[in-house]
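Enquirer:
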Amino acid sequence: MAELIMIVEDEEALALLLKYNLESEGFQVKTVNRGNIAVAEIEASLPSVIILDWMLPEMSGVEICKIIRSKPDIKNIPIIMLTAKGEEEDKIRGLTAGADDYVTKPFSVPELMARVKAQLRRAPEPPAEKELKFADIRMDLTAKKVFRGENFVHLGPTEFRLLRMLMETPGKVFSREFLLKNVWGSNIYVESRTVDVHIRRLRKSLNEFGPDYIRTVRATGYSLDENAAADDIENSEENQAPK
Numbered sequence: 003m004a005e006l007i008m009i010v011e012d013e014e015a016l017a018l019l020l021k022y023n024l025e026s027e028g029f030q031v032k033t034v035n036r037g038n039i040a041v042a043e044i045e046a047s048l049p050s051v052i053i054l055d056w057m058l059p060e061m062s063g064v065e066i067c068k069i070i071r072s073k074p075d076i077k078n079i080p081i082i083m084l085t086a087k088g089e090e091e092d093k094i095r096g097l098t099a100g101a102d103d104y105v106t107k108p109f110s111v112p113e114l115m116a117r118v119k120a121q122l123r124r125a126p127e128p129p130a131e132k133e134l135k136f137a138d139i140r141m142d143l144t145a146k147k148v149f150r151g152e153n154f155v156h157l158g159p160t161e162f163r164l165l166r167m168l169m170e171t172p173g174k175v176f177s178r179e180f181l182l183k184n185v186w187g188s189n190i191y192v193e194s195r196t197v198d199v200h201i202r203r204l205r206k207s208l209n210e211f212g213p214d215y216i217r218t219v220r221a222t223g224y225s226l227d228e229n230a231a232a233d234d235i236e237n238s239e240e241n242q243a244p245k
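Counting with the numbering used here, you get residues 3 to 245 for the letters of the sequence shown.
#1: Can you tell which of Thr106, Val64, Ile139 and Val219 has its C-alpha closest to the C-alpha of Ala99?
#2: Can you find a C-beta in chain B that's less than 8 Å from the C-beta of Ala116?
#3: Any idea if His156 is buried or exposed, counting beta-carbon neighbours within 10 angstroms, 16 or more meaning buried?
#4: So, for Leu24: in the same chain, excluding its five sequence neighbours on each side, which residues have a beta-carbon less than 6 Å away from its beta-carbon?
#5: Buried or exposed for Ile53, going by 16 or more other Cβ atoms inside 10 Å?
#6: Just how far apart, CA to CA, sit Ile111 and Leu165?
#7: Which class does Lys107 belong to by DSSP, given the choice of helix, strand or coil?
#8: Three-state secondary structure (DSSP) at Leu248?
#9: Per DSSP, what kind of secondary structure is Asp75 in: helix, strand or coil?
#10: When the Cβ atoms of the segment 46-60 are set against those of the segment 139-158, are three or more pairs found closer than 8 Å?
#11: Rounded to the nearest angstrom, what separates Pro172 and Arg217 at their Cα positions?
#12: Considering just the uninterrupted stretch of the alpha helix (DSSP H) at Arg195, what are its terminal residues?
#13: For Gln121 versus Pro74, is the C-beta distance shorter than 8 Å?
#14: Near Gly28, what residues of its chain come up, given a Cβ to Cβ distance below 8 Å and the 5 sequence neighbours on each side ignored?
#15: Label Glu11 either buried or exposed according to how many other C-beta atoms from any shown protein chain fall within 10 Å of its C-beta, with 16 as the threshold for buried.
#16: Going by CA-CA distance only, name the one from Ile9, Ala17 and Glu179 that's closest to Val41.
#17: Within 10 angstroms of its Cβ, does Met202 collect 16 or more other Cβ (buried), or is it exposed?
#18: Please classify Ser225: does DSSP put it in a helix, a strand, or coil?
#19: So the alpha helix (DSSP H) Phe29 belongs to, where does it begin and stop?
#20: Cβ of Glu161 within 8 Å of Cβ of Ser207?
#21: Could you check which residue in Glu170, Ile82 and Val199 has the C-alpha nearest to that of Arg178?
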């Protein structure tokens, strides 16, 4: 997925120019034109880089910068301060507030694009997820082990990868074709029915220690759902009812 760049800028023409150029470079872009809503938008979107104008309605870029640096969830997002204030003392003030870079208007768009890419290279990698949880199922991604409650669930490598795919997005229905491509790989030829075989093995191993959470969506695929067992019973009763 492309990195998200947030532009906090009240000059509409400039914001559109930056948005166009960033999207041309393959980035996702979100724009905000008022200082008082910028922090909430940043917390909701978690952009990879923030391009922040100094002079904004209702709250200055310097104030926003300080707030961002005080919040644990967003304090490490790189900030490029964009401003017409070019005096050395203004640059020092912006950098002291927490900006990572400082660009003075008027500026070269290619240079700004280069500065955005430089900040992305310097940005720390997000911490790798070490564990996935769904209901009473826990997957240790480091040790490659799965537990149901306190019980160790023995899974083969393919069943482990299938369960991980389901646990990463609970409730989402994955087609057999999607699972084949992302679990087995696009360069390996296997029939779609192979997915059904491994899902049955996964179910058998998991259900030894609790209810069935793997929901079968007819003619579509599979999902992880706490109401899967109830849905399967209901579907079974409907199939047996006289027509």
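Backbone N, C-alpha and C fix where the C-beta goes; we use that ideal spot for every residue, glycine too.
Expert: To lay it out plainly:
#1: Measuring from the Cα of Ala99, the nearest candidate turns out to be Val64.
#2: Annotation note: the requested chain B is absent from the structure, which comprises a single protein chain.
#3: Looking at its Cβ environment, which holds fewer than 16 other Cβ atoms inside 10 Å, His156 is exposed.
#4: In its chain, beyond the 5 residues on either side, Ile7 and Val31 have a beta carbon closer than 6 Å to the beta carbon of Leu24.
#5: So Ile53 ends up on the buried side.
#6: Per the sequence shown, the amino acid found at residue 111 is Val instead of Ile. The alpha-carbon atoms of Val111 and Leu165 are separated by roughly 45 Å.
#7: Correct three-state label for Lys107: coil.
#8: Not covered by the structure: residue 248. The range shown for the chain is 3 to 245.
#9: Three-state result, Asp75: coil.
#10: In short, these stretches do not touch, since the Cβ pair count stays below three.
#11: Cα to Cα, Pro172 sits roughly 11 Å from Arg217.
#12: Arg195 -> alpha helix (DSSP H) spans Arg195 to Leu208.
#13: In this structure, Gln121 lies away from Pro74, with their beta-carbon atoms at least 8 Å apart.
#14: Same-chain partners within the cutoff: Ala4.
#15: Counting the other CB atoms within 10 Å of its CB gives Glu11 a total of 16 or more, which places it among the buried residues.
#16: Considering only alpha carbons, the answer is Ile9.
#17: First, the residue type needs correcting, since residue 202 is Arg and not Met in the sequence shown. Exposed, since its Cβ has fewer than 16 Cβ neighbours within 10 Å.
#18: Residue state, collapsed to three classes: strand.
#19: Careful: Phe29 lies outside any alpha helix (DSSP H) and carries neither H nor E.
#20: Yes.
#21: Selected option, being the one with the closest Cα: Val199.
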